Amino acid sequence: MTDSTTPSRNLRLPAWLGPWELMLAALVVLAFVLASVTNPYFATADNFAITAIGALGLCLMVVPMAWLMVAGEIDLSVASIFGLSAAIFGLTLRAGLPAWFAIILGVLAGAVAGLVNGLLVVDIGLPSLIVTIGTLGLYRGCAYILLGNEGISDLPHALTSFAQDTVPGTLVPYGFLVFLVLAVVAAVLLHRGAIGRKVLAIGSSAEVARFSGLAVRRIKRGLFLFSGTVAGVAGIAYSGYISTVRATNGTGLELVVIGIVLIGGVSMYGGRGSFAGVLLALVLVTILTSWMTLDDAETAVQYMVTGLLMVGAVVIPALAARIRAARGRRTGGRS
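Last residue of the sequence shown? That's 363 in our numbering, and every number before it is there in order.
Encoded structure:
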């Protein structure tokens with residue numbers, strides 16, 4: 029009996045790899061094949077490295093956004109925190125202070141901005157959607173007040189090398205190693221750690237989680253702090269990639285970040301989500317963006333494609349749920 033059941037157990041898919049993740053994996057393979065066939069430059073080492081380097085800021089911000097949305101919250105201000113942290117970093121450098129101090133100050137600014145979001149949402153009780161729409165404008169406005177339309181280009185060589193160069197003998201940028209470590213830790217904690225179970229419980233029902241003894245307020249504050257801190261790191265890393273700090277850095281990225289999380293299968297209402305799905309969605313959107321960029325597609329077209337994927341990510345599960353409910357009613361009627 030033991031021998032006959034062992035093979036079937038080995039063939040079981042992991043709990044975090046469901047139909048949605050398998051569909052995303054198939055789309056990733058399809059997009060990669062089509063892009064490789066239609067554009068000979070796509071599947072080259074140079075393009076892989078350039079794409080990974082350029083997507084670093086986006087990749088970093090996706091990680092905390094996934095956690096926030098699993099908890100039933102959202103942060104539309106991440107791209108503005110991205111720009112504000114970069115602006116503070118650049119101004120600190122221009123003031124003649126050490127690069128390490130400028131980096132710490134920029135990241136700290138992101139952390140404070142994220143904490144402000146958390147305090148407004150958690151302690152005052154305002155909806156995170158409304159709060160972060162407001163702070164989106166507030167933080168971006170602060171960046172413009174600090175920098176105006178000017179750019180700061182005299183950045184430390186160590187930062188630009190870290191953001192632009194790849195590890196010798198590989199296609200992996202140095203900066204991308206930060207994302208890989210962050211993604212692995214976040215995935216393991218979400219699916220295997222106690223904090224991940226708590227966040228999922230909070231997203232399913234914050235009231236039930238509170239009555240169960242979970243520190244809902246503290247956890248949500250921590251998630252907003254996490255989001256702001258990572259956005260600050262991403263803003264500084266992106267500045268190193270383009271070798272310039274501007275108030276416009278990161279404009280519009282918030283919708284792409286949220287779109288990737290939704291496409292990855294995280295419920296817009298919280299309580300459900302797979303980090304594997306989010307990473308597959310990130311790869312899919314990155315492939316499509318690189319493909320369209322190589323084919324000189326306009327930015328508007330790129331936003332349209334991401335938007336269509338977002339709509340599909342919301343509509344398909346809703347339709348599937350309705351179909352299952354209808355089948356259940358028919359089955360119940362027959363019995």
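Cβ coordinates follow ideal geometry from the N, Cα and C atoms, glycine included. Remember, it's a predicted structure, so these values are computed and weren't measured experimentally.
Inter-segment contact for the region 304-319 and the region 285-293 is present: three or more beta-carbon pairs are separated by less than 8 Å. If you draw a straight line from the Cα of leucine 136 to the Cα of alanine 222, it comes to about 27 Å. Threonine 194 carries a strand assignment under DSSP once its states are collapsed to helix, strand and coil. Here glycine 231 is not near alanine 348, since their CB atoms are 7 Å or more apart.
Between the alpha carbons of leucine 183 and leucine 210 lies a gap of roughly 25 Å. Judged by DSSP in its simplified three-state form, isoleucine 102 adopts coil rather than helix or strand. For serine 255, the enclosing alpha helix (DSSP H) begins and ends at 244-270. If you keep only unbroken beta strand (DSSP E) runs of at least 3 residues inside the region 99-176, you get nothing at all.
Per the Cβ contact rule, the region 170-180 is not in contact with the region 44-55 (fewer than 3 Cβ pairs under 8 Å). A residue is called buried once 16 or more other Cβ atoms fall within 10 Å of its Cβ, and leucine 253 is buried on that count. Residues of the same chain with a CB within less than 6 Å of the CB of tyrosine 167, apart from the 5 flanking positions on each side, are Ser105, Ser108, Ile109, Leu112, Ala141 in chain order.
Going by C-alpha positions, valine 273 is about 54 Å away from alanine 354. Taking the Cα positions, glycine 298 is about 6 Å away from methionine 97. Boundaries of the alpha helix (DSSP H) harbouring isoleucine 230: 222-232, taken from the DSSP string. For threonine 79, the enclosing alpha helix (DSSP H) starts and ends at 73-82. Shown here, valine 90 sits in a helix according to DSSP, grouped into three states. Cβ-Cβ separation between leucine 242 and alanine 262: approximately 29 Å, too far for a contact (criterion under 8 Å). Residue burial is scored here from C-beta neighbours: alanine 71 has fewer than 16 other C-beta atoms within 10 angstroms and is therefore classed as exposed. Remark: C-beta atoms of tyrosine 266 and glycine 85 approach each other more closely than 7 Å. Separation of the CB atoms of glycine 118 and isoleucine 180 is rounded to 4 Å, and the pair is thereby assigned contact status at 8 Å.
Between alanine 139 and glycine 256 the beta-carbon gap is near 5 Å, inside 8 Å, which marks them as a contact. Cβ neighbours of glycine 260 within its own chain (closer than 7 Å, five residues either side excluded): Ile109, Ser113, Gly134, Val135, Ala137, Gly138, Ala139. Counting along the chain, alanine 54 sits inside the alpha helix (DSSP H) bounded by residues 47-66. Residue burial is scored here from C-beta neighbours: glycine 305 has at least 16 other C-beta atoms within 10 angstroms and is therefore classed as buried. If you check the CB distance, alanine 63 and phenylalanine 204 do not come in under 7 Å. With fewer than 16 neighbouring CB atoms inside 10 Å of its own CB, asparagine 177 falls in the exposed class.
Alanine 83 sits close to threonine 314, with the two beta carbons spaced by under 7 Å.
Cα atoms of aspartate 193 and serine 233: separation of roughly 44 Å, rounded to the nearest angstrom. Relative to the Cα of aspartate 103, the nearest Cα in the group Val206, Arg352, Leu148, Ala186 belongs to Leu148. Between the alpha carbons of histidine 185 and threonine 317 lies a distance of about 28 Å. By alpha-carbon distance to alanine 59, the top candidate from Val333, Arg352, Ala130 is Val333. Straight-line spacing of the CA atoms in alanine 127 and arginine 352 works out to 57 Å. With contacts defined by Cβ atoms closer than 7 Å, glycine 293 and tryptophan 48 form a contacting pair.
Distance between leucine 121 and leucine 337, taken at the CA atoms: about 40 Å.
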